[in-house]
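From first to last, the protein sequence lines are chains A and B.
Residue numbers for the first sequence follow our numbering, beginning at 24 and rising by one.
Residue numbers for the second sequence follow our numbering, beginning at 904 and rising by one.
Just so it is clear, CB atoms sit at the ideal spot from N, CA and C, and this is done for glycine as well.
Quantities reported herein were computed from a predicted structural model and do not represent experimental measurements.
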Amino acid sequence: SQQGEEDPQALSIQEGENATMNCSYKTSINNLQWYRQNSGRGLVHLILIRSNEREKHSGRLRVTLDTSKKSSSLLITASRAADTASYFCATDNTGNQFYFGTGTSLTVIP
Amino acid sequence: DSGVTQTPKHLITATGQRVTLRCSPRSGDLSVYWYQQSLDQGLQFLIQYYNGEERAKGNILERFSAQQFPDLHSELNLSSLELGDSALYFCASSVGSYRGLDSPLHFGNGTRLTVT
């Protein structure tokens, strides 16, 4: 079974609004990463957060990690039409197995 | 441009056939990962190589095999193909290490395999 599960499956917002996506996972991890995928293209790395970190920022992106709840969230502030894509979390576990979640499909309406 | 090159971009073949997908990692990256993406299964981790050696194995079928060559390029071989093998196959590379996903993965644009 997959390690990570994103929520919601789909999200539609107006340009300028904030978008929040959540990722839950099942077992202890070393690292968690977030990726973006435009339709039919390869995934693009957004941010990496280690298990001993609680929050990281990169531009308009903010990622939090709660290891006690086995969850992470990705916040995109002041969204743009170009942010329209699918977003995935990726986790590893102590067994060096790598899992991507099912993804959140984000649509930003101009 | 991620620097990861995958060939071919598209592949159409018949059931029972064998195909080889090729991946050239980003310059300087030692790890290569293979993933399968389909509508019903999502993105599935298949296998990882680090500097020529198999490092981690995921949900890779016995009909599939992979290797990483001394020049660090990798090939994924799919044999006895079935209709359900139709998917987008991604290669990703990273600087890599033994400690899991501790460096970003750089993805190629994938090979779209259609089995008819």
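Taking only runs of the alpha helix (DSSP H) that begin and end inside the region 88 to 133 of chain A, which ones reach a length of at least 4 residues, in chain order? none
Next on the checklist: Determine, for A/G65, whether the minimum Cβ-Cβ distance to residues of chain B falls below 7 Å.
Outcome noted: yes
Next on the checklist: What are the residues in the region 89 to 117 of chain A lying within 9 Å of chain B by C-beta distance?
Outcome noted: F111, A113, T114, D115, N116 and T117
Span separating the alpha-carbon of A/L55 from that of A/G27:
10 Å
Q) If A/L88 sits next to A/R103, beta carbons under 8 Å apart, how far is it from one beta carbon to the other, in whole angstroms? A) Not confirmed; about 25 Å, so no contact.
For this session: Identify whether B/G987 lies in helix, strand or coil by the three-state DSSP scheme.
Result: helix
Could you tell me if B/R929 is buried or exposed, where buried requires 16 or more neighbouring beta carbons within 10 angstroms of its beta carbon?
buried
ask   = Residues of chain B with a CB under 7 Å from the CB of A/L34: which are they?
value = Within chain B, no residue comes near A/L34; the closest Cβ sits about 17 Å away, beyond 7 Å.
**Item:** Residues that B/F1010 contacts on chain A, provided the C-beta gap is smaller than 9 Å
**Value:** Y58, Q60, R64, G65, L66, V67 and H68
- Message: Run through chain A and tell me which residues come within less than 9 Å of B/F967, C-beta to C-beta.
- Response: Correct list: empty, because the minimum Cβ distance to chain A is about 16 Å.
* B/Q944 in three-state terms, based on DSSP -> coil
Inset, instruction - Tell me whether A/Q25 sits in a helix, a strand or coil according to DSSP, three-state version. - result: Any answer about A/Q25 is weak, because its pLDDT of 49 lies below 50 and its placement is not dependable; what the coordinates show is given next. It is coil, neither helix nor strand.
Distance CB(B/F972)-CB(B/G961) smaller than 7 Å
no
Would you please verify whether the beta carbon of B/F948 is less than 7 Å from any beta carbon of chain A? yes
With a threshold of 7 Å between beta-carbons, can B/L1004 be considered close to chain A, or not? By this cut-off, B/L1004 is an interface position.
task = State buried or exposed for B/V998, treating a residue as buried only when at least 16 other CB atoms are found within 10 Å of its CB.
result = Residue environment: B/V998 is assigned as exposed (fewer than 16 neighbouring CB atoms within 10 Å of its CB, all protein chains considered).
message: Buried or exposed for A/I72, going by 16 or more other Cβ atoms inside 10 Å?
response: Around the beta carbon of A/I72, 16 or more other beta carbons sit within 10 angstroms, so the residue counts as buried.
Anticipated Cβ contact below 8 Å, B/S977 with B/V1018, distance rounded
The pair is not a contact, with the Cβ atoms about 21 Å apart (cut-off 8 Å).
* So with Cβ pairs under 7 Å, would you call A/T125 a contact of chain B? -> By this cut-off, A/T125 is an interface position.
- Task: Would you kindly check if the distance between the Cβ of B/R966 and the Cβ of B/S983 is under 7 Å?
- Result: Contact: yes.
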